Amino acid sequence: MVGAPVPTPTQIVEIDCRHVWRELTNYMEGDLTPEMRDRVTHHLQGCKHCTAIYDGTRNVVRLLGDEKAIELPQGFSQRLYQRLASR
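Per our numbering, numbering of the sequence shown is gapless, rising by one per residue and ending at 166.
See below:
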């Protein structure tokens with residue numbers, strides 16, 4: 080069709096918050112395809128809520144990797160995942 084816009088290869092397909100939450104660990108570990116990494120990065124740049132979750136998750140990972148890490152209460156991880164899944 081003449082005059083119809085042609086998508087450029089640099090356009091980023093947006094993803095929703097739930098998809099970002101499922102991919103955060105892979106994002107932090109560098110285990111995403113370049114396309115998915117760009118999609119998550121783009122989403123985080125525009126979503127304060129997901130950025131807060133990302134920052135919090137990254138901080139927890141840093142704490143757990145620290146020799147001085149605190150002992151988490153039993154069942155904490157399960158409750159955290161349930162809470163995230165309920166949103």
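Positions of the beta carbon are idealized from the N, C-alpha and C atoms, including for glycine.
Nothing here was measured: the structure is a model prediction, and the numbers come from that model.
Item, Value
"What's the call for residue 140, buried or exposed, on a 16-neighbour Cβ count within 10 Å?", "exposed"
"Would you tell me roughly how many angstroms separate the C-alpha atoms of residue 92 and residue 156, rounded to the nearest one?", "31 Å"
"Using a 10 Å radius around the Cβ and a threshold of 16 neighbouring Cβ atoms, would you call residue 96 buried or exposed?", "exposed"
"Measuring alpha carbon to alpha carbon, tell me which residue in 117, 166, 160, 161 is nearest residue 94.", "117"
"Out of curiosity, what's the CA-to-CA distance linking residue 135 and residue 102?", "15 Å"
"Measuring CB to CB, does residue 115 end up less than 9 Å from residue 133?", "no"
"Assign residue 93 to one of three DSSP states: helix, strand, or coil.", "coil"
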